[in-house]
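Here the structure is laid out as structure tokens; the discussion comes afterwards.
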Amino acid sequence: MWVQASGPPDKKVVLFDYTSSRAQDVPLRLLDSYRGYVMTDDYAGYNALALQPGVERLACMAHARRKFVDAQKVQPKGKTGRAYIALMMINKLYGIERESKDASDEQRFIARQEKSLPILAQLKSWLDKTQPQVMAQSALGKAVHYLANNCEIALLKRHRFAKRSEQISPEQGSLLDDLLNTDLEAIDAELKAMRPTPAQEGKRQQPKRAPLPAQFPRTVIRHEPENTQCACGCQLQRIGEDVSEKLDYTPGAFTVEQHVRGKWGCRQCETLIQAPVPAQVIDKGIPTAGLLAHVMVAKFADHLPLYRQERIFGRAGLAIARSTLAQWVGQTDVQLQPLVDALREAVLAQRVVHADETPVQMLAAGQKKTPVLMSGPTARRRSRFLRLWFMTSARAAPVNMHATSLVCGMASWCATILAATKPGSSKASPKSVAGPGPSQVFRSARNE
Numbered sequence: 000m001w002v003q004a005s006g007p008p009d010k011k012v013v014l015f016d017y018t019s020s021r022a023q024d025v026p027l028r029l030l031d032s033y034r035g036y037v038m039t040d041d042y043a044g045y046n047a048l049a050l051q052p053g054v055e056r057l058a059c060m061a062h063a064r065r066k067f068v069d070a071q072k073v074q075p076k077g078k079t080g081r082a083y084i085a086l087m088m089i090n091k092l093y094g095i096e097r098e099s100k101d102a103s104d105e106q107r108f109i110a111r112q113e114k115s116l117p118i119l120a121q122l123k124s125w126l127d128k129t130q131p132q133v134m135a136q137s138a139l140g141k142a143v144h145y146l147a148n149n150c151e152i153a154l155l156k157r158h159r160f161a162k163r164s165e166q167i168s169p170e171q172g173s174l175l176d177d178l179l180n181t182d183l184e185a186i187d188a189e190l191k192a193m194r195p196t197p198a199q200e201g202k203r204q205q206p207k208r209a210p211l212p213a214q215f216p217r218t219v220i221r222h223e224p225e226n227t228q229c230a231c232g233c234q235l236q237r238i239g240e241d242v243s244e245k246l247d248y249t250p251g252a253f254t255v256e257q258h259v260r261g262k263w264g265c266r267q268c269e270t271l272i273q274a275p276v277p278a279q280v281i282d283k284g285i286p287t288a289g290l291l292a293h294v295m296v297a298k299f300a301d302h303l304p305l306y307r308q309e310r311i312f313g314r315a316g317l318a319i320a321r322s323t324l325a326q327w328v329g330q331t332d333v334q335l336q337p338l339v340d341a342l343r344e345a346v347l348a349q350r351v352v353h354a355d356e357t358p359v360q361m362l363a364a365g366q367k368k369t370p371v372l373m374s375g376p377t378a379r380r381r382s383r384f385l386r387l388w389f390m391t392s393a394r395a396a397p398v399n400m401h402a403t404s405l406v407c408g409m410a411s412w413c414a415t416i417l418a419a420t421k422p423g424s425s426k427a428s429p430k431s432v433a434g435p436g437p438s439q440v441f442r443s444a445r446n447e
């Protein structure tokens, strides 16, 4: 789409012409018989038009200003770059034109020679210094190149070599007044937005510290003056206090439960009674349920191997071998079997379960095959997921059937299994219906 516009002293006319080509013969055809000044952008198709006799091409300062605005926008927020310097000089040129809007032709010419020309010379000097220092493909480089090769040359030529005796229509000077005012307002608004915000004086608001949790036990340490006698001789009275809290930590504090069971006997009949030994997870063992829970959580939830726990206990003065810790883990596993059975029953009570298997590397001496961590079945109840995990040494269908029978333990169980498309997944139960899960379907479709 090609647009040509005219203005005072003639009536303002805008012509839109659509062509499928951007070749330089298009402006030559559209402005074939025109003689005068033509203001264009940086499109190279207008170069041939500038060579026509009687036609002088003028570059558009608004386009130059827009390119420097784009270069300034890439600067970090609150910081000004070299593009800001060019924008300030261009803003001064627009300000001179705005002040001369209602002046006569002679007064406007004098103002341009006395005020605009020094700014243009300063702008040219800045361009000559900046152009070798910037990358041509950067935003600032494009703006500098545009101004150095178009606007600066055209404006210097217009201001330096214009004839003083040239008769200019008074209305011709306001040809682009509307556009000028619009650009000036846009410049002012964008320059104000680019100026760094001055640091506000005053007291900075300090971030508020979150209070320490109320469930932590408190140890009150009181600090009082050594002497509560006033210098005037009166006794000081306590009128208030300031409270500050510090967070302390005591690494792994071990305590010993000393169970004392008294023996009661009858002197006459020689009857002896004594309170029974409290039930323990490991009979005749030294760990309490709390210590065993700590070892299990550290190993399986915090992924802390037993040899590291052995070192931690050793720093506290406890010589507990990792073999002993392994025995504790094994015996605790046996004691937790009722909980596993209850979890299995809760999973199998659902109509839809999920099953999957994932290879997991395990340190096993003499074994070449990678054990498989089976996740099956998994169900959801009341917005909570229930999962069962077990380990096998193969992924074959008989092994899967055996493992499923071992974990599920219900031959009559019937439900829907959402499983990965593995050969053993469809043979979990003769009455079950197996099918791929949505994530498996999506993954298969994506790989095709």
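Going by numbering that gives the first Met the number 0, the first residue of the sequence shown is number 0, and it counts up by one from there.
All C-beta atoms in this analysis are idealised placements derived from N, C-alpha and C, irrespective of residue type, glycine included.
Euclidean distance between Cα positions of residue i and residue j
i	j	result
residue 324	residue 273	32 Å
residue 95	residue 61	15 Å
residue 172	residue 72	Bear in mind that the predicted position of residue 172 carries a pLDDT of just 45, short of 50, making it unreliable; the figure below should be weighed with that in mind. The alpha-carbon atoms of residue 172 and residue 72 are separated by roughly 33 Å.
residue 449	residue 234	Residue 449 lies beyond the residue range present for the chain, which begins at 0 and ends at 447; the question has no answer from this structure.
residue 135	residue 22	25 Å
residue 339	residue 310	31 Å
residue 298	residue 386	19 Å
residue 28	residue 59	22 Å
residue 268	residue 219	55 Å
residue 163	residue 111	In this prediction, residue 163 scores a pLDDT of 45, lower than 50, which makes its location untrustworthy; the coordinate-derived value is nonetheless stated afterwards. When rounded, the distance between both Cα atoms is 12 Å.
residue 449	residue 318	Look at the range of the chain in this structure, 0 to 447, and you will see that residue 449 is not part of it.
residue 228	residue 222	16 Å
residue 3	residue 14	5 Å
residue 321	residue 239	55 Å
residue 404	residue 290	Bear in mind that a pLDDT of 46 at residue 404, under 50, signals an unreliable position, so the number given afterwards is only what the model happens to contain. Rounded to whole angstroms, residue 404 to residue 290 spans 34 Å at the Cα level.
For residue i, the residue or residues it bridges with in DSSP
i	result
residue 236	Note: residue 236 sits in no beta bridge, so no partner.
residue 14	3
residue 38	57
residue 273	262
residue 228	234
Residue nearest to residue i in terms of C-alpha spacing, selected from the options
i	options	result
residue 128	81, 109, 108	81
residue 146	40, 54, 207, 243	40
residue 251	287, 216, 315	315
residue 67	45, 50, 90	90
residue 390	44, 383, 355	355
residue 247	211, 266, 276	211
residue 449	0, 11, 85	Residue 449 cannot be examined here, being either before or after the span of the chain that is shown, 0 to 447.
residue 140	98, 100, 69, 120	69
residue 452	12, 137, 26	Because the chain spans 0 through 447 in this model, residue 452 falls outside it and cannot be assessed.
Three-way DSSP call (helix, strand, coil) for residue i in this model
i	result
residue 335	coil
residue 19	coil
residue 2	strand
residue 387	strand
residue 134	coil
residue 105	helix
residue 26	helix
residue 117	helix
residue 352	strand
residue 251	coil
residue 245	coil
residue 77	coil
residue 209	coil
**Report entry** Sufficient close CB pairs (3 or more, under 8 Å) joining the segment 52-61 to the segment 103-117
**Finding:** no
Requested in this report: For the segment 231-249 and the segment 258-272, state whether three or more C-beta atom pairs, one from each stretch, are separated by less than 8 Å.
Outcome: Flag = no, the segment 231-249 and the segment 258-272 do not touch.
Query raised in the report: Three or more C-beta pairs closer than 8 Å, one from the segment 283-294 and one from the segment 325-332: is that the case here?
Result: yes
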